[in-house]
Structure formats: structure tokens, C-alpha cells
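> The structure under discussion is supplied below as C-alpha cells; questions concerning it will follow.
There are 2 protein chains.
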Amino acid sequence: MSRPRAHLVVTGSELVRGERTDLNGPFLARQALALGFEPARISIVGDRPDELAAALAEGVRADLCLVSGGLGPTHDDRTLELLCRAAGVELMHDPELEARIEGISRGYAERTGRPYAVYAPGVRKQALVPAGGFAVGLAGTAPGILLPLPGDRAAIALPGPPNELKALWPKAIAHPAFAPLLRRAEVPGRRVLRFYGVGESLVASTFADAGGDGDGVEVTICARDFEIHVDLVVEPGEQARARADRIEQALLAAHSEQLFSRDERPIEELVLELCRARGLTLGAAESCTGGLVGGRLTSVPGSSDVFLGGIVAYANTVKAAVLGVPAETLAAHGAVSAETAAAMAQGARRVLGVDVAVSVTGVAGPGGGSDDRPVGLVHFNAVGPGGALAQSWVVPTDRETIRRRAGATALHLVLQLLSGV
Amino acid sequence: MSRPRAHLVVTGSELVRGERTDLNGPFLARQALALGFEPARISIVGDRPDELAAALAEGVRADLCLVSGGLGPTHDDRTLELLCRAAGVELMHDPELEARIEGISRGYAERTGRPYAVYAPGVRKQALVPAGGFAVGLAGTAPGILLPLPGDRAAIALPGPPNELKALWPKAIAHPAFAPLLRRAEVPGRRVLRFYGVGESLVASTFADAGGDGDGVEVTICARDFEIHVDLVVEPGEQARARADRIEQALLAAHSEQLFSRDERPIEELVLELCRARGLTLGAAESCTGGLVGGRLTSVPGSSDVFLGGIVAYANTVKAAVLGVPAETLAAHGAVSAETAAAMAQGARRVLGVDVAVSVTGVAGPGGGSDDRPVGLVHFNAVGPGGALAQSWVVPTDRETIRRRAGATALHLVLQLLSGV
């Protein structure tokens, strides 16, 4: 692969200790990838100078070094000092930048009624720019810094608060001094195949039979709640494109019935869109998932025109009283049964007044399993104007996984019902 | 601080490209910290052998190298091969481990009706263990690996799926071969304070007034969905303990009314426990959260004796037909109003036959806001045998944040109702 390499350095003690999840690394990685860089590493370090210095020393060896955090006004914000040391340049005072930051800080001082002297040392610190580098803009009083490096390479340092980082990123990459590096990157092609109901090993063996990775095509195969996500990253050029075509065709030929999408939208979005296209409303009856199916569907903005609501029927009393599951069905077959799942879906359709309803009932564990109904047994039913579709599986894992997979299966069952598979 | 240094290496192309957010690094960092290690760096790399090799070469220089991912059966799962190269040991075939993995894979083959030959190459690959290392257990067919290193150091490699990693982690650190490194770490004391309904800056200023960090006490203050999580990490020794006592007392004195917990159990667990102790059943009526409140409550094993169910009343038709919200309430005050929230909670209590019900209705956005009812406005109501409690807030952020915070608020409202606050 000939993509210029990007190394991301994220600093924050709460991040390296796992007390907060880093969002800047993933954001910058997606941005770099879209520009044609290969995000090769994300290094998360705390504010200990030796750890940050080591990470930056490695970072500046990449074609593009992206740094998040450590640009604040206090003494433990050392990113620029250590970046300069890693790049072998001086940190210089920028009087024009200081004037701008001072203006903002005097505004703060006025609003808070504190003397400007409180802010002055921080202002001087934040007005330091690496020699040969540029302040590309300000977020609050923190500048975004672009530092061109020898060999058409560059480092960009941005403030840690995600909204400030996102605000300054476009200014950094639009700066004229970034253009030489940008010209080295070619935006790669990307192809996406999403399968459901086929094993990861089987997809991997189809892929291996088609020749595997190489020649400008990188493939990742990733299992996620019974979905198999196949991503092809394709270098520019005829040869790579032809190879990607062959791999894609081999996968489609072998697993055409399991293909459910060729883009990255999650299943809840596909379900909502298919319902919308058919003019159908949707509802859910959930037992072991406890609301996760509704939660996923309503995570999509604008879902309210399709998804009208759901019944979380966790207790049998609710299955009977709200969904109208007959007492004899519960008595004869139990709450976790194909019969109860069917009655739940029909009940939800009626009670919620929806065109299509899907139900889930299962044993999520860790307790509550039996020989007849082990932990990991889940029954599903989807019912619509054209008929119904039932499914069940037993995959004993942990409670969280069983519930998450059950939610995914319920959504795929609706897709299958409406696709007439 | 003299804590042994931990370096975490997380592998996954989808992680380094920002297509998925890494959860294993933060989990392992928190675990390492709790054992007395200092999480010094998290390196996230893809499955390119050169990048993974470089990260592992650095990783094995730390006292503890924790590796996540790349243990699967496919060609691009190269963690053990490269870990062995970094540590200078051979990768050996383990016939006993192969027999165990084969047993599991034959079970898969039977259930899926596929020939075992499809699985055989993956089984052979997953039965490789570094010389001098140990398979500490299996998650599915993926082993967790412990590799002791010279100088009472160690590397631990675990599968990438978070639930598998979490399942194997306790087995790795309980292995006798990990004991020498564990003895080098001194488990720090840990104190936890959880506040709700007070600002992060106010807690931070109380903490600063009490003397701040130092003298063997490290404090992190972290805001999470309106909760303020304060964690004290306390080095062994009398001096640090006394200092931690002073900080703890200052925080308790200033914010006693906002304290809701002194341990790490999530709010859903506290709510279920309080209901259980009072012999009360619980239900929910959700609009903008779409099932997330039920989803959180049912994430807790054994929740079924307290939580009977919920109504996801996303559409007004469902609010009226299922929850019995009067048409005139909806017409006069709108779906997002204190009046509708109250009627939803009362309806849920009646329809679900529960002692306590909580409701949520709001504008999660990004569309659907108005001057009267802006994006980020959410109304809540909790009703129980002793009365009702209403709440509302307007905090315009993004859809996901609004929904997550609304779910947390609903749970805290139940806690407040039952605590008589």
C-alpha cells in the first residue's frame, strides 16, 4: 500500500486510564482515511512528559502526525513543547496571535469580573507556535497548529475538547501549507458488503479461495451480532479495481442469499426505510430484550413516521394483559416458545395498531435456564399484512450478547419478512 | 509513583480507522489501574503486520503488556505470531488445546450442518501457544494467552470481542504464572463517590479547596449523563489515607444531598434494589427514549422480579390507545408536556399493573423542535403508592446524548421518589 501513513497521538490522563472513552482518535482516523491517508496507529497517553514525548517522537516519523489535547493554558499542557522537541524546531512567541488571544481573554475577564492578570500567563503560553508552523485558528483561546515537516510531511495539533477539535480540523487541512502533503494522498475506493446468516469462517474461506488480500486491495471481515461485515479498501488504479471486482463477485456468488446491504447503514435504518417505502408502520413486542429493539429503531432520526411504539412484556402478566397472549398458550408452551412469540407479535400488531410487528422472547440468563429452555434460547416472530415469519436459535453466551444479538435478529426478521425471503 | 507500567495494544482495522470505538483499551486500563499498575499507553493498530509488530515490540518492554484482538481463526489474525517474535519465543502447537477447540467446532459444525473441514484450519491455528506461555481459558474457540516475560513481567493476549475479553481477563490474572508480576504491584485503595444533580465545576472547586491532588492521592472527577463520578486512587500508607479522608469528607459535607452512591453500581441496579427492598414492582412509559429505560433495567440479571414491563409510546396514537392519555391532554398541552408525562406514568402504572411507573417524553431532535418545545426539552414523571414526582429539563445537544441522559434522569427520578427526596 502506498497511502501516506497517519499516526494519531491522543493525550489525556482520564483517557489512558479508561475513565473516559476517547472520541478524537476515531474522528481524526475517519477524517484521515477519507483524505487518502492510512491511519496506522492511535497512541493514547496521559500527561506524563516522558510518555507523551515518546509517543510524539514516533508520531512525527509518520507522513501525517495528528495530535489531540494538551494545548491548554496550564503548566501540564505540554503538547507543543514536546512536539517541537520531537520535530527538532523551536517554540516561538507569536505577538499577533497573542493579541488575538488577549482580546478573547479580556472579554472573559470582563464577563467574569476577574482581573486580566489571572489570564495573562496562560495567554502568553497559548501564543507560542512552532518555528515554521502556523496557528490555523482559535477555539476559545486554544489555537490549532499546523507544522509542516521535511519531505512533504506535517503535524497538526488540535485542542482536546471534541467540539473544539472538530471546529479547527477543517481549517488545518484547508491551510495552503498542508497542500503539498494532501497532494501525496489519493482518496481510496471503498466497497462494503453486509451479510446476515452466514458464518465468518465460511465468508473467510470464500475470500481466501478468491485469492485473499493484496495487489492494492485490503479486506477486513468482521462478525457483529450474526452480521458479517466485509470492507474492501481499494487503491486507485485499474489493477486494484479489477481485483476488487473479482473478490466482490466471488463473495456475492457464494453468499448472495445472505447479502442484505452494500452500504454501511445499520439494520435498523434499512428496516425503517423498507417500511417507509412500502407505507407500513412498525411496532415491537419485547420480552428478553426489554426495549432494545425499540431503542435501536428510535435511535434513527425521523423514525417516528414508521415506528409507532412497542410493548415491553417482561412479566407474563404483561404478556397476557397488554398483548393478549392467551393464558392457555403461556400454560401449555411457556413464555419462551414459538407459540408465545407468535401471539406476542399478533398482539402487538393489534394493540399498537401497526402494519408490521416483531416479537422477541427468550432466556438471556445467567439464571432462568432449564433443560427444555436453556440460556441462549430465543424465539422470534414477525407478522405483517402478507403473513408471518418465525425464527429461533440457541446460542449460549452472556446476557449482554444474547440480548444484543436477539435485537439484531428481530430487525433482520422484519427485513426478511418484507423482502419476501 | 512507582507503579509497574502497563502498555495496552489493541488491534483491529475497524478500530484504528475509527469505524468502531475501542472499548477494550479503556476496560483493560481500568482493570490494570485497579491491580496497582500505571496504564501508560494504549496503542491502537490495524492488522498490518508491520504496525502490529512495532506496537507489540514496544508493548513487551513494559512491565505488563495487555493485548486485545487478532486471536481469531482467519489469515489476518496475527497477534500471537507477532507477540512471539517481539518476545523472542517460538509459537508451539498445543494438542490438548486443539482437542478442546475441535470439540467446540464440531458442535458448531453439527448445529450448522456444515462439514468440519471448513473449521479445521482455523482450529489448528487457534491451538498455537507461545513457548513458556499458557492458554488460560477459551471464549468460543479463541484462547486467552498468558506469557510470562523475563524480570517478573508478562504479556496477556485476549480475544477482541469485548464480552470474550471480559470473560477471560479474570482467568488470566488468576493464573499462578501471573502471581510474580502481581506481587510487584501494590493494589491502591479506591474510593468512589457518585453525585447527581450538581455541576462538575462545583465539585471540582470543592475538591480544589480541600487541597487537590497529591501526597499519594489521585482524584478524577468525571461528568456522565448528569452524574458526577469522583474516584480517589489512594496509595498504600497512613499519610495518603488521611489525605483521602479529608478530601472525601469535604466533598460529602458540601454535596451530601446530591450523593446517591458510594459504590460503582449503575443507577439501574440501585433502582431495582430499592424497589426489591420495598417489595415494589416497576414499569416504564417511554416516548423519546424508545425503550432505553426498559433496556437498561433489564440489562441487570434478575430484574424480572421487579421490572414487569413497559410501553414504548412513540406515536400519539399509542399514548392514547395503550396508555390512556386523554385526547384533550394531548390536544391542550402536546405530547411533550408535564401533563402528558403525568398521564403516561399513571397509564403505565394502571395498564402494566405495577406499583411504580416512570415516564419520559421529549424532543430528541435533530428535527421536530419548535420555539415552545425546543430540541432537548424532556419531561419526566414518576408515580408510586406514596405520590408522584415530576421533572423537566432543556439541554440541547445531539439526539444520542439527549436520549441517554433522559434515560438516566428517569431512573434517578424513581430513586428520588422512593427515597422521599
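In order, the protein sequences belong to chains A and B.
Using this note's numbering, the letters of the first sequence correspond one by one to residues 156 to 576.
Using this note's numbering, the letters of the second sequence correspond one by one to residues 156 to 576.
Ideal placement from N, C-alpha and C gives every residue a C-beta, glycine not left out.
So A242 of chain A and A310 of chain A are in contact, right, with Cβ under 8 Å, and what is the actual spacing, rounded?
7 Å
> Which first and last residues belong to the alpha helix (DSSP H) in which A210 of chain A is found?
204 to 214
> Roughly how many angstroms separate the alpha carbons of Y274 of chain A and D231 of chain A, rounded to a whole number?
16 Å
> Would you kindly work out how many angstroms separate the C-alpha atoms of A189 of chain B and E390 of chain B, rounded to a whole number?
11 Å
> If I follow the unbroken alpha helix (DSSP H) through S223 of chain A, where does it start and stop?
Not the alpha helix (DSSP H): S223 of chain A falls in the beta strand (DSSP E), residues 219 to 223.
> Figure out for me which residue from A:R308, A:A312, A:D364, A:S356 has the closest Cα to the Cα of L595 of chain A.
Residue 595 of chain A falls outside the range modelled here, since chain A spans only 156 to 576, and no answer is possible.
> With T436 of chain A and L463 of chain A assumed to form a contact (beta carbons below 8 Å), what rounded beta-carbon distance in angstroms separates them?
The beta carbons of T436 of chain A and L463 of chain A sit about 5 Å from each other, so the pair counts as a contact at 8 Å.
> Would the beta-carbon of E193 of chain B fall within 8 Å of that of R160 of chain B?
yes
> How many angstroms separate the CA atom of E169 of chain B from the CA atom of A378 of chain B?
The C-alpha of A378 of chain B is placed about 28 Å away from the C-alpha of E169 of chain B.
> For a cutoff of 8 Å on Cβ pairs, would you count E253 of chain A as touching chain B?
no
> To be precise: take each residue of the stretch 487 to 502 of chain B, compare its Cβ to all Cβ atoms of chain A, and keep it if any distance is under 8 Å. Which residues remain?
For the stretch 487 to 502 of chain B, there are no residues whose beta carbon sits under 8 Å from a beta carbon of chain A.
> Under the three-state reduction of DSSP, which class applies to P317 of chain B: helix, strand or coil?
helix
> Enumerated in chain order, which unbroken segments of the beta strand (DSSP E) with a length of 3 residues or greater are wholly contained in the stretch 335 to 409 of chain A?
Within the stretch 335 to 409 of chain A, the complete beta strand (DSSP E) runs of at least 3 residues are 344 to 351, 372 to 379, 382 to 389.
> What do you get for S459 of chain B, buried or exposed, if any count of 16 or more other CB atoms within 10 angstroms of its CB means buried?
Burial call: buried.
> Give the single residue among B:T564, B:L406, B:T166, B:T444 whose Cα lies nearest to the Cα of S356 of chain B.
B:L406
> Name, please, each residue of chain B whose Cβ falls closer than 9 Å to the Cβ of L188 of chain A.
R172, G173, E174
> Mind pulling the chain A residues with CB within less than 8 Å of I256 of chain B?
Residues of chain A passing the Cβ test: none, with the nearest at roughly 13 Å.
> I'd like to know if the stretch 491 to 501 of chain B and the stretch 512 to 525 of chain B are in contact, where contact means that at least 3 CB-CB pairs between them fall below 8 Å.
yes
> Between G180 of chain B and chain A, is any beta-carbon pair separated by less than 8 Å?
yes
> Can you tell me which of the three DSSP states V533 of chain B falls into?
Note: V533 of chain B maps to strand in three-state DSSP.
> To be precise: take each residue of the stretch 510 to 524 of chain B, compare its Cβ to all Cβ atoms of chain A, and keep it if any distance is under 9 Å. Which residues remain?
Under the 9 Å Cβ criterion, the stretch 510 to 524 of chain B contributes A519, G520, P521, G522, G523.
> Under 8 Å, do L237 of chain A and A208 of chain A count as touching if we go by C-beta distance?
yes
> So I376 of chain B and L387 of chain B are in contact, right, with Cβ under 8 Å, and what is the actual spacing, rounded?
Rounded, the Cβ-Cβ distance is 10 Å, inconsistent with contact.
> Using C-beta distances below 8 Å, list every residue in its chain close to V353 of chain B, excluding the 5 sequence neighbours before and after it, in chain order.
I383, H410, Q413
> Check the C-beta distance from L211 of chain A over to P298 of chain A and give it rounded, since I have them as a contact under 8 Å.
Beta-carbon to beta-carbon, L211 of chain A and P298 of chain A are separated by about 17 Å, too far to satisfy the 8 Å threshold.
> Between the Cα of V491 of chain B and the Cα atoms of B:K326, B:A482, B:R528, B:V550, which residue gives the shortest distance?
B:R528
> Return the bridge partner residues of T166 of chain A from the DSSP annotation.
A:V200
> Taking the beta strand (DSSP E) that V549 of chain A belongs to, which residues open and close that run?
542 to 549
> What residues in its chain sit with their C-beta under 7 Å from that of D202 of chain B, if we drop five residues either side in the sequence?
Cβ contact annotation for D202 of chain B (same chain, cutoff 7 Å, sequence separation greater than five): T166, S168, G225, D231, R233, in chain order.
> Between P325 of chain A and chain D, is there a C-beta pair that is closer than 8 Å?
Among the protein chains in the structure shown, which are A and B, there is no chain D.
> Taking the alpha-carbon of L304 of chain A as reference, which of A:G315, A:G288, A:G295 has the nearest alpha-carbon?
A:G288
> State the Cα-Cα distance for the pair H488 of chain B and R505 of chain B, rounded to the nearest angstrom.
22 Å
> Out of A:C220, A:V284, A:Y263, point me to the one whose CA is closest to H248 of chain A's CA.
Ranking the options by Cα distance to H248 of chain A, first place goes to A:V284.
> Is the beta carbon of T472 of chain B closer than 8 Å to that of G508 of chain A?
yes
> Can you list, in chain order, the residues of its chain whose CB lies under 8 Å from that of S198 of chain B, leaving out five sequence neighbours each side?
H162, L163, V164, V165, A210, E213, G214
> Which residues does DSSP pair with H248 of chain A in a beta bridge?
A:L283
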